[in-house]
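A short write-up of the structure that comes next.
Numbering (my numbering), first residue to last: 1 to 383.
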């Protein structure tokens, strides 16, 4: 009996021991799961801390860059406004954008006085794609689209444009040239040009906003350059005719020759002689010169330029005028001018002119133009 009791006790103890082992195994598994969970939480917290440290470092760098910008930007603006010519301005704009965005590929197009064409005036890092002379019509391609709409173009948003717009841009775009961002230079509704950036570094901070700011500064500076040019012209105005005097001929002609080269257009230079402008009665001579000048001012296009270059001589610069256009201009001048009269009814009388045409795509120096014009024969009216 005693052995049976001992055997039963041993069996019971064994069962209890097995139960305890099973229960402890379950607890151990729970503890192991909790330990693994805690380890994962610690790893996640470590990653979050590293990401937070990286973000903090990035924010500190951005804050430092913005702080640097507040110091640099006024100096960049001063440099841009110090420019005295459009070409000098374009170089300064490019330098400013390099400092602000780190972009090494920049193209700057400037608009002509009519605002209908854009000419490439400066490139940085794009010489294998863009070469001068290069002219873009407003509305054509990505550059012309920016000029036409006054909107900032971003390559990443191209898919958002309508299919019609995308088709037009692709059809008229400059081959192999697609800017990341292009912004118009506009001031008071007047288009002055377009700035394009290509391959903007990923580290660039707010490149679009900075480009817009510099484009606005560039437009204001170009407006000042044009205004200064008008003041310089006004300072040399001829009192009898209200036209720029002889001293303005060379700088204005150089400017128009450069414009013709840049925009690949023709230019006609006309020398007009009003014979009664050299009569001995200086009062009547001045009156006749004034009559002739007033007729020209009333009939010229806003892009044409007239100057008084002699006692009885006026010089006309006619951008975009080729041989056919020049023949029409010549016929009108020789027919209409002699019929003009003063208050006493005296006609202007006979006029003579000679002209020179610089064809599109042909480069001429100032000296060659003046020399070739001097060798041309005069054509006289019948007045």
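Think of the CB as a built atom: it goes at the ideal place given N, C-alpha and C, for glycine as much as any other residue. Please read these numbers as outputs of a predicted model, since none were measured by experiment.
Check	Outcome
Nearest-angstrom beta carbon gap, residue 150 and residue 186 [assumed within contact, 8 Å]	6 Å
Nearest candidate by alpha-carbon position, reference residue 256, set 136, 369, 377	369
Check: residue 336 C-beta below 7 Å from any heavy atom of the ligand GTP	Although the ligand GTP was asked about, the structure shown includes no ligands whatsoever.
Straight-line Cα distance separating residue 168 from residue 154	16 Å
8 Å contact criterion, which residue 214 and residue 100 should meet: CB distance rounded	7 Å
Residue 243 beta carbon less than 8 Å from that of residue 307	yes
First through last residue of the beta strand (DSSP E) which encompasses residue 103	Segment: none, residue 103 is in no beta strand (DSSP E) and carries neither H nor E.
Where residue 298 falls: helix, strand or coil (DSSP)	helix
Residue range of the alpha helix (DSSP H) that includes residue 143	141–149
For residue 262, the first and last residue of its enclosing alpha helix (DSSP H)	249–262
Reduced DSSP secondary structure (H/G/I, E/B, other) of residue 364	coil
Alpha-carbon to alpha-carbon, residue 305 and residue 377	22 Å
Alpha carbon of residue 44 to alpha carbon of residue 202, nearest angstrom	28 Å
Of the residues 372, 311, 352, the one placed nearest residue 358, counting alpha carbons only	372
For residue 112 and residue 165, the rounded distance between their alpha carbons	25 Å
Endpoints, beta strand (DSSP E) assigned at residue 157	Looking at the DSSP string, residue 157 is not in any beta strand (DSSP E), and its letter there is neither H nor E.
For residue 174, the three-state DSSP class (helix, strand or coil)	coil
DSSP-derived helix/strand/coil call for residue 341	strand
Those runs of the alpha helix (DSSP H) which lie wholly inside the stretch 203–249 and span at least 4 residues	207–235
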